[in-house]
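Here's the structure we're looking at; comments come further down.
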Amino acid sequence: MDNILALKASGINKDFHDPVTFPVLKNISFEVKKGEFISIVGKSGCGKSTLLYILSTMDTDYQGELFINEKKATGLSLNELAAIRNASIGFVFQFHYLLPDFTCLKNVMIPALRLGKLSYKEVEDKAYEKLKMLGVEDQALKRADKLSGGQQQRIAIARALINDPAIIMGDEPTGNLDSKNSKIVFDMFQELAHNFGQTIITVTHDEDFAHKSDRIIEMSDGAIIKG
Amino acid sequence: MKISVNTEIALTYLSARKKQTIIAAMGVMFGISMFIFMQSLMKGTNDYFEKQSFNTTPHIRLYSENKVADNHIMVTFLKDPSYKLLTNPKQLIQTQGIINPYGVIHEIVKNPQVYAVTPQVTANVIYTSGSVQLTGNIAGVSIIEEDRMFDMQSNMLNGDFHDLDRVNNGILIGKGIADKLSLHTGDNITVTSGTGSPTIMKVIGIYATTVKQIDETKSYANIIQVQNLLGKDRSYVTDIKINLRDYNNAPQVAREIETLTGYKAEDWVQANEQLKAAFKIRAVILNSVIGVILLVAGFGIYNILNMTIYEKIKEIAILKAIGFSGRSVISIFLQQAVYIGLMGGFVGIVIGFSITYMVSRIYIGAGTLKYLPMSFYVPHYIEAVCFGVLTTLAAGYFPAKKASRVDPVKIIRG
Chain A
1 MDNILALKAS
11 GINKDFHDPV
21 TFPVLKNISF
31 EVKKGEFISI
41 VGKSGCGKST
51 LLYILSTMDT
61 DYQGELFINE
71 KKATGLSLNE
81 LAAIRNASIG
91 FVFQFHYLLP
101 DFTCLKNVMI
111 PALRLGKLSY
121 KEVEDKAYEK
131 LKMLGVEDQA
141 LKRADKLSGG
151 QQQRIAIARA
161 LINDPAIIMG
171 DEPTGNLDSK
181 NSKIVFDMFQ
191 ELAHNFGQTI
201 ITVTHDEDFA
211 HKSDRIIEMS
221 DGAIIKG
Chain B
1001 MKISVNTEIA
1011 LTYLSARKKQ
1021 TIIAAMGVMF
1031 GISMFIFMQS
1041 LMKGTNDYFE
1051 KQSFNTTPHI
1061 RLYSENKVAD
1071 NHIMVTFLKD
1081 PSYKLLTNPK
1091 QLIQTQGIIN
1101 PYGVIHEIVK
1111 NPQVYAVTPQ
1121 VTANVIYTSG
1131 SVQLTGNIAG
1141 VSIIEEDRMF
1151 DMQSNMLNGD
1161 FHDLDRVNNG
1171 ILIGKGIADK
1181 LSLHTGDNIT
1191 VTSGTGSPTI
1201 MKVIGIYATT
1211 VKQIDETKSY
1221 ANIIQVQNLL
1231 GKDRSYVTDI
1241 KINLRDYNNA
1251 PQVAREIETL
1261 TGYKAEDWVQ
1271 ANEQLKAAFK
1281 IRAVILNSVI
1291 GVILLVAGFG
1301 IYNILNMTIY
1311 EKIKEIAILK
1321 AIGFSGRSVI
1331 SIFLQQAVYI
1341 GLMGGFVGIV
1351 IGFSITYMVS
1361 RIYIGAGTLK
1371 YLPMSFYVPH
1381 YIEAVCFGVL
1391 TTLAAGYFPA
1401 KKASRVDPVK
1411 IIRG
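So the sequence lines, in the order shown, correspond to chains A and B. Numbered per this note's numbering, the first sequence spans residues 1 to 227. Numbered per this note's numbering, the second sequence spans residues 1001 to 1414.
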């Protein structure tokens, strides 16, 4: 699509110090264009999840530079990073991680309420819209912990989408789902990337899932070996 | 009304764990209701004793103090301190009492703080009835003024104190005197002063204060009668009693009157130092008890919030992952603490008031004290809520701070 960079990593290094100092990421540099659907693959322990958490701005303990929407994210305060995550990054985890005390609808609404750009009513309408898109609008008023795993994951994706983030990151988003639900999630991601220009970066073990995406970044021993 | 998302999350967490919330709020409630109860009891008791002391002590007592002669007037006059005055080292008796007492009173009344002024003649006397003798003192007063200042009516056991103005040689005696000399209203009693001749007086009434020593020694008569008893003229006055509009100003007004008249003006604070000491001791005891209660309540809240944070650590991580700043997380948990504090506070106010009210209906019946003295003083209730909220804020701050430091990466990646 456009040539705007959604995300740029340059020279990212990270060491683990426990029990001995061990380089987990070695000089990682790559660029992601707006609207790209990227899968990061590699064996367990190759550092792909670690990289994803750095890209998501949650992990700030690294060397190198990270740009999100062409703005430098490295060196910002934790509160500024939280604001960036809130507005520009949607996150889907392997486990749904919904807030069990709230209804599904509230779970989806919370990031938008935090952002505070829309009125309560508008947020509610938008949340319904997202739930409908994922086919779980009939579960909206149930408590989050009363749903099946596949439904919960779809609620979690709706939550990641509510603020129309520029980048959606997934840490094995289909890792806990059966093939039917995996397909739904994949189609969803593809539609977001191709029709709505949202950038998708997922870490996955799922070969099928990876091969269907636009670009695969393969990692081994903390370095990018392909992509 | 638009409530912020932090508030909404805080309220949801509180209502999702009702039992724990209620227990934490109950801790605060006990703290606050005890605070109110204790403060009410303390203030009630203090007020009672203060009022009680004013039943017998005026705000300011002006009297002529016996002094050793000194040379300051002579030195001022001669402007030469080398002159020495040879004096008798014993104190001189100021037999004349206050000179020109009515002139002095006239001057005192000009002070806008002064509410009531009354002259008094006091004398040490011996009461005799049959063959039994009893030493004591008699106060010659204007009984109407005395009642206005000291509420004599509330101490009357029987008889009518107005008879002091109507009955020739009437005397109002304390219950202790009446018991010891087995006297009743209408009986006669012989009163002998140091300087005059014995006089037979008629008991017109009996009073009782809460102070046994006063009941056993003090009697009242018309001021003219006591002047007669002492063989003095109508201008003989030993004390001038002054009540003020606000007794808290007594020390300062006493100094003014002392400077104005040259006589010793003793304020009630000086006369009741042991009372003040008792107030202070009571305050220390009660405040430490309240402090402990609030501390325990605070630990309750601390504990419960801490547990919440352990339980919710994943959810805190998620909130941070979806863009809640550390500040928002602090706000979520601190708000929970404040709502617990407010809930406990308001219920505590109601319970505190109820306990205070119920205790104030407990019959005591000691002396003139019929019921436990409790005060219903609004600032206590405001203070209680402030203290409660402060305690909960302090107790909530540390768990909240801890929650804000949760590292989402560590928690989510496990």
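All C-beta atoms, glycine included, are put in the ideal place defined by N, C-alpha and C. All values reported here derive from a predicted model rather than from experimental measurement.
| Check | Outcome |
| --- | --- |
| Given 8 Å, three or more beta-carbon pairs between the segment 1001-1015 of chain B and the segment 1272-1290 of chain B | no |
| Chain A contact for B:Phe1398 (CB, 8 Å cutoff) | no |
| Nearest residue (CA-CA) to B:Lys1202, options B:Val1167, B:Leu1011 and B:Glu1216 | B:Val1167 |
| Given A:Gly11 as reference, the closest of A:Asp18, A:Leu51, A:Phe37 and A:Gly175 once Cα atoms are compared | A:Leu51 |
| Beta carbon proximity, B:Thr1012 to chain A, threshold 8 Å | yes |
| Proximity winner among A:Ala166, A:Leu177, A:Met169 and A:Ala160, relative to A:Gln151 (alpha-carbon distances) | A:Leu177 |
| A:Asp206 - partner residues in DSSP beta bridges | A:Asp206 is not bridged to any residue. |
| A:Val41 (DSSP reduced to helix, strand or coil) | strand |
| Euclidean distance between Cα positions of B:Asn1137 and B:Ile1171 | 12 Å |
| Residue of A:Gln153, A:Lys180, A:His194 and A:Asn13 minimising C-alpha distance to A:Gly170 | A:Gln153 |
| Residues of its chain near B:Ala1010, where Cβ-Cβ distance is below 6 Å and the 5 sequence neighbours each way are ignored | Ile1332, Gln1335 and Gln1336 |
| Cβ of B:Ile1412 within 8 Å of any chain A Cβ | yes |
| Reduced DSSP secondary structure (H/G/I, E/B, other) of A:Gly149 | helix |
| Sufficient close CB pairs (3 or more, under 8 Å) joining the segment 76-83 of chain A to the segment 1312-1331 of chain B | yes |
| Rounded separation between A:Pro165 and A:Glu65 - CA only | 21 Å |
| Where A:Met58 sits in the DSSP three-state scheme | coil |
| Exposure label - B:Met1001; buried when at least 16 CB within 10 Å | Interpretation of B:Met1001 is limited by its pLDDT of 42, a score under 50 that renders its predicted location unreliable; the figure taken from the coordinates is listed afterwards. It counts as exposed. |
| Bridge-paired residues (DSSP) for B:Thr1190 | B:Thr1128 and B:Ile1200 |
| Under 8 Å between C-beta atoms of A:Lys8 and A:Glu36 | no |
| Helix, strand or coil at B:Pro1101 according to DSSP, with G and I counted as helix | helix |
| Helix, strand or coil at B:Arg1361 according to DSSP, with G and I counted as helix | coil |
| Beta-carbon proximity of B:Met1038 to B:Ala1283, cut-off 8 Å | no |
| Beta carbon of B:Leu1098 nearer than 8 Å to that of B:Val1237 | Per the sequence presented here, residue 1098 of chain B reads as Ile, with Leu not at that position. Contact: yes. |
| Euclidean distance between Cα positions of B:Gly1159 and B:Ile1143 | 14 Å |
| Where A:Pro23 sits in the DSSP three-state scheme | strand |
| Stretch-stretch touch, CB-based, cutoff 8 Å, three pairs: the segment 116-128 of chain A with the segment 197-209 of chain A | no |
| Nearest-angstrom Cβ-Cβ length linking A:Val108 and A:Ile168, presumed shorter than 8 Å | Not a contact, Cβ separation roughly 14 Å. |
| Chain-ordered chain A contacts of B:Ala1016 [CB-CB under 7 Å] | Asp101 |
| Residue-chain proximity (A:Arg159, chain B), Cβ-Cβ < 8 Å | yes |
| Contacts of B:Lys1320 in chain A (Cβ-Cβ under 7 Å) | Ala82 |
| Through-space distance from B:Ile1073 to B:Val1211, alpha-carbon basis | 42 Å |
| In DSSP terms, what B:Tyr1207 is bridged to | B:Met1156 and B:Gly1174 |
| Endpoints, alpha helix (DSSP H) assigned at B:Asp1163 | Asp1163 to Arg1166 |
| B:Lys1370 versus B:Ala1208 - alpha carbon distance | 13 Å |
| Chain B contacts made by the segment 25-42 of chain A, where a contact means CB separation under 8 Å | none |
| is_contact[B:Phe1324, chain A] using C-beta, thresh 8 Å | yes |
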